[in-house]
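Read the structure below first, then the notes.
Number of protein chains: 4
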Amino acid sequence: MTSHQPRKSAQQGRAKATMAAIVEAAARLLETQGGARLTTNHVAELAGVSIGTLYQYYPNKEAVIAAVLRREKAALLAGFEDIIARGLGPKSTIDALIDATLAHQYTRPRLALALEYIEPELGLLVEDHARDRRLVALVAQVVIEVAPDADARAAQDLVAICRAITNTAAMSGETDPTAIAPRLHRAVSGYLGLHA
Amino acid sequence: MTSHQPRKSAQQGRAKATMAAIVEAAARLLETQGGARLTTNHVAELAGVSIGTLYQYYPNKEAVIAAVLRREKAALLAGFEDIIARGLGPKSTIDALIDATLAHQYTRPRLALALEYIEPELGLLVEDHARDRRLVALVAQVVIEVAPDADARAAQDLVAICRAITNTAAMSGETDPTAIAPRLHRAVSGYLGLHA
Amino acid sequence: MTSHQPRKSAQQGRAKATMAAIVEAAARLLETQGGARLTTNHVAELAGVSIGTLYQYYPNKEAVIAAVLRREKAALLAGFEDIIARGLGPKSTIDALIDATLAHQYTRPRLALALEYIEPELGLLVEDHARDRRLVALVAQVVIEVAPDADARAAQDLVAICRAITNTAAMSGETDPTAIAPRLHRAVSGYLGLHA
Amino acid sequence: MTSHQPRKSAQQGRAKATMAAIVEAAARLLETQGGARLTTNHVAELAGVSIGTLYQYYPNKEAVIAAVLRREKAALLAGFEDIIARGLGPKSTIDALIDATLAHQYTRPRLALALEYIEPELGLLVEDHARDRRLVALVAQVVIEVAPDADARAAQDLVAICRAITNTAAMSGETDPTAIAPRLHRAVSGYLGLHA
DNA sequence: AATGAATGAGCGTTCATTCAT
DNA sequence: CATGAATGAACGCTCATTCAT
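Just so you know, the protein sequences line up as chains A, B, C and D, in that order.
If you count by the working numbering, then the first sequence holds residues 1 to 196, one letter each, in order.
If you count by the working numbering, then the second sequence holds residues 1001 to 1196, one letter each, in order.
If you count by the working numbering, then the third sequence holds residues 2001 to 2196, one letter each, in order.
If you count by the working numbering, then the fourth sequence holds residues 3001 to 3196, one letter each, in order.
The following block contains the structure:
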């Protein structure tokens, strides 16, 4: 069973920079070619390192892609935690979370989409699923405040709903996030039974 | 000019059975391995035919996958059309559509999921997109009756929402559709603003 | 060791017609696609018979191509024999042979060229080489009359020269046989030391 | 855009040796099996490298064969240029060119033959045709000195004649080049009308 | 006989991965 | 540490050939 964890902890600055370059190269190829056409040789070339170097930091191709996924998800989770930490009221918090989700998905929409498609074929690690659960848990924590008797799966459903609407919009060519935001808010409020 | 249409119309009964066997084998591999690991040789083997036979009916790998997609989508669309034809009231129609979606998605949830992920990489034909639009149009037609001033994208969003909740549930291990149905109805009613 | 002889002697008229259709179809494909792209299935289709029928008359692909070659060479040889039979003087005979060669090559120039390229890869039968030798012998017979002390290989060389000039001309895009004829006559007379 | 140019410039010595080994292996297979039966896997195997290595240097099978062709033609052209550079009288130059052609063709006669048959199916590049034209131009330049009113196609014809006689001789089993040389000189002188 | 569905060896090619330098 | 030449399993696909109907 091959691991999808990086090989080195990158204690040195240079190594860190190399790893980041590799991850960003992979991200860019994911954006431009989709997951099926991405090859490790291309990633290395675009990152400006040799293929041997790539394999010194990542044990295999999946590990590189997983690193991209991790980087993106970590950013989203950090945003969520920031919002929670702000201690706004529950409704404002929910609104902020929705906006953060939308903003995240629309920063690099093709990348977000590509990752979504690749994720289920990736065989991720326990820690990755843990982060997913943590993200849902953050939402659940807020949901319980505004809708105490909501379904236990409400948070999961809400995250799924937001992603689905955003992705579908992106895929059908919508390029204006401000046209999507109200639909997300409406979908979430509606699901939770909050009066709009 | 690479088309994704089958090669022959399969006039003989044997040929028809062969084509169906190939499609079903592809569907099963999609379920068990996902699209990335599906190979034409495996499809042929699982279908119990030689690789040459597969290529006598489908011009390339994509055509085989497209045939699976078409089979599934056609079944869903037919279900929708049946429901519409029944001429129930709009609310009952919506309920029936939701249930049909759930049933369809839950019959072979891993297949539905895999197809969803593969579809955008498939370069489908005009007729396939036409079917997609027809499906959304059917929904839009009903939506407009219960929510005349709904967003133009409402139908698209609703289909996405239902699929997302169902898929997420399936992926997180939920096996009981009756636990999902109320959440779908709630999400849809909520999005459309039909009472609290 | 597979034979390249037809399978049946085609006693019946229908069978003869079928075989001729197959040979002509192969000839046409040789002309339009060259030997590398010719497939037995295409030959059968163009001939209007099933692939099974083709294999009932010819044991393999090479046999079909060899049949084309045979047909063409037999025609050329027959022309040569006609000319010899006419009993003209040796110089006129030589001129007539040259013109016949040129005419033959220019009737279906692409076919002649394709056959020339395929012939050495064909592993022909004894009888085929016998016909080649017979053709050269016919020429040698005339050559000896006009140049009694010519090299023993003179006839072989002359046939090769005529084919080479004609083919090179055809390949370089020359379409007018009347521009080639004088060069052939000059090359032959020159080689034989006849005063022009 | 499929080019038949090599992929890398082979900066390291090892790479250069690998490329040469591949080309030589292809040449040997061309000699022993002809172009139709040559496969990239066999070439790689005979060259003692893996199939992947072959494709690191040549983008496709045609490129490998084109490299063989280029190597041979470049050698012949270089020989011609050497002779021209020697500045002999025109008749001696022609004699030298004929001998060079014969020597070249007889060094590896089966290879020369195979290449001749493969060339037209190869879809060569502009530069390759340029070299062909240069070779014919060199000959034309000398021809014009000894036969000022020769046909414009004389040089082309002469090259074709020499090749044809030599190939035919080689194919019919002649193994002694000294028996061929006088026939070539006679054919050329005769075609050009240089004394009897 | 004639058909054409079926076969499967084998082709050209890719690309994740290794390891000598 | 980095390089990049080399590897080779495995892929998508073709096509000569067979054989049940």
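We put the beta carbon where it would ideally sit given N, CA and C, even for glycine.
If you're wondering where the values come from, they're calculated on a predicted model, not measured in any experiment.
Query                                                                                                                                                                               : Result
Given a cut-off of 8 Å, decide if Leu-1135(B) and Cys-1162(B) are closer than it, judged by their beta-carbon atoms.                                                                : no
What is the DSSP secondary structure of Thr-2039(C), reduced to helix, strand or coil?                                                                                              : coil
Helix, strand or coil: how does DSSP classify Asp-2132(C) here?                                                                                                                     : helix
Output yes or no for whether 8 Å exceeds the beta carbon distance between Ile-3094(D) and Val-3146(D).                                                                              : yes
With contact counted as at least three CB pairs below 8 Å, one residue from each stretch, are the segment 3072-3081 of chain D and the segment 3160-3178 of chain D in contact?     : no
Which same chain residues end up closer than 7 Å to Ala-1160(B) when comparing Cβ atoms and leaving out the 5 residues on each side of it in sequence?                              : none
Count the other C-beta atoms from every protein chain shown that fall within 10 angstroms of the C-beta of Met-1171(B), then say buried if there are 16 or more, exposed otherwise. : exposed
According to a CB-to-CB cut-off of less than 7 Å, which residues of the segment 142-160 of chain A neighbour chain B?                                                               : Asp-151, Arg-153, Gln-156, Asp-157 and Ala-160
Excluding the 5 residues flanking Thr-3002(D) on each side, which residues of the same chain have their C-beta closer than 6 Å to its C-beta?                                       : Because Thr-3002(D) sits at a pLDDT of 48, beneath the cut-off of 50, its placement in the model cannot be relied upon, and the point is left open.
Please report the Cβ distance between Ala-1021(B) and Val-1064(B), rounded to the nearest whole angstrom; I am assuming they are in contact, meaning their Cβ atoms lie under 8 Å.  : Contact flag wrong, Cβ pair sits at about 11 Å.
Could you compute how far the alpha carbon of Pro-109(A) sits from the alpha carbon of Ala-2047(C)?                                                                                 : 55 Å
Can you look up Asp-95(A) in the DSSP assignment and give me helix, strand or coil?                                                                                                 : helix
Using only alpha-carbon positions, find the residue among Ala-3137(D), Val-3139(D), Tyr-3106(D) and Leu-3158(D) that is nearest to Gly-3173(D).                                     : Tyr-3106(D)
Using a Cβ cut-off of 8 Å, which residues of the segment 1062-1081 of chain B contact any Cβ in chain A, in chain order?                                                            : none
Shorter than 8 Å from the beta carbon of Ile-165(A) to some beta carbon of chain B?                                                                                                 : yes
Let me know the secondary structure DSSP gives Ala-1150(B) once reduced to three states.                                                                                            : coil
Flag Thr-3032(D) as yes if its beta-carbon sits less than 8 Å from any beta-carbon of chain C, otherwise no.                                                                        : no
Using a beta-carbon distance below 8 Å, is Arg-1186(B) in contact with chain A?                                                                                                     : yes
Can you check whether the CB of Ala-3027(D) is closer than 8 Å to the CB of Val-3068(D)?                                                                                            : yes
I want to verify the contact list: residues of chain B whose CB lies under 7 Å from the CB of Tyr-191(A), in sequence order.                                                        : Arg-1186, Ala-1187 and Gly-1190
Does the beta carbon of Pro-120(A) sit closer than 8 Å to a beta carbon anywhere in chain B?                                                                                        : yes
Cβ of Leu-1113(B) less than 8 Å from any chain A Cβ?                                                                                                                                : yes
What does the alpha-carbon distance come out to for the pair Ala-1155(B) and Ser-1189(B)?                                                                                           : 12 Å
Near Leu-1054(B), which residues of its chain fall below 8 Å by C-beta distance, leaving aside the five closest residues on each side in sequence?                                  : Ile-1022, Thr-1040, Val-1043, Ala-1044, Ala-1047 and Val-1064
Please name the residue in Pro-148(A), His-4(A) and Glu-116(A) whose C-alpha comes closest to that of Lys-73(A).                                                                    : Glu-116(A)
Which chain D residues sit within Cβ distance under 7 Å of Ala-2130(C)?                                                                                                             : Simply none; closest approach about 14 Å.
How far does the alpha helix (DSSP H) with Arg-3028(D) in it reach, from first residue to last?                                                                                     : 3013-3033
Could you have a look at His-2004(C) and say whether DSSP puts it in helix, strand or coil?                                                                                         : coil
Helix or strand or just coil, what does DSSP make of Gly-173(A)?                                                                                                                    : coil
Distance, Cα to Cα, Arg-3070(D) vs Ala-3085(D)?                                                                                                                                     : 22 Å
Quick test of your reading: Leu-3124(D) and Ala-3066(D), contact by CB under 8 Å. State the CB separation rounded to the nearest angstrom.                                          : 6 Å
Does the beta-carbon distance from Leu-1122(B) to Leu-1030(B) come in below 8 Å?                                                                                                    : no
Checking 8 Å against the spacing of the C-beta atoms, do Leu-3138(D) and Tyr-3191(D) come in under that value?                                                                      : no
Within 10 Å of its beta-carbon, does Ile-1104(B) have 16 or more other beta-carbons around it, so buried, or fewer, so exposed?                                                     : Per the sequence shown, the amino acid found at residue 1104(B) is His instead of Ile. Label assigned to His-1104(B): buried.
So which residues of chain C does Ala-3015(D) contact, with C-beta pairs closer than 8 Å?                                                                                           : Those within 8 Å of Ala-3015(D) in chain C number zero; the least Cβ separation is about 31 Å.
With DSSP as the reference, label Val-49(A) as helix, strand or coil.                                                                                                               : coil
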